[in-house]
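Peer 1: My questions all concern the structure below.
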């Protein structure tokens with residue numbers, strides 16, 4: 024079980040990753056679109072996984088490069104810094120998901136350490 028008194032989750036920590044999945048991964052995908060957010064206690068940390076079955080980061084970058092709108096969001100980089108300051112073992116890892124046909128979405132792993140005292 025997750026004890027809310029033993030883990031300090033910074034506010035809005037998942038929001039930038041979920042928003043990014045929607046705008047850059049799922050918005051350009053046809054067919055079935057899925058965004059899942061899972062939270063579990065794992066190896067002394069709170070482990071949050073944000074996963075989408077969108078077009079993938081490479082295809083999204085290619086679309087953004089062709090766009091006339093040049094906007095650089097700082098939300099994810101700021102959030103990554105906030106998470107890193109949560110303590111030893113804290114961090115963010117982004118994985119590109121693949122299936123036999125190619126890109127199959129993106130998965131973000133957020134780890135925030137549990138307090139032991």
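Residue numbers (my numbering): 24 to 140. Using N, Cα and C, we set each Cβ at its ideal position, and we do this for glycine too. As the structure is a computational prediction, the values presented were derived from the model and not from experiment.
Can you name, in chain order, every residue of its own chain whose Cβ lies under 6 Å from the Cβ of residue 214, other than the five neighbours on each side?
Peer 2: There is no way to answer for residue 214, as the model of the chain reaches only from 24 to 140.
Peer 1: Tell me the DSSP secondary structure of residue 113 in three-state form.
Peer 2: coil
Peer 1: Taking the Cβ atom as the reference point for each residue, do residue 112 and residue 136 lie within a distance shorter than 7 Å?
Peer 2: yes
Peer 1: I need the DSSP call for residue 59, collapsed to helix, strand or coil.
Peer 2: strand
Peer 1: Using the C-alpha atoms, what's the distance from residue 104 back to residue 79?
Peer 2: 23 Å
Peer 1: DSSP on residue 103, reduced to helix/strand/coil?
Peer 2: helix
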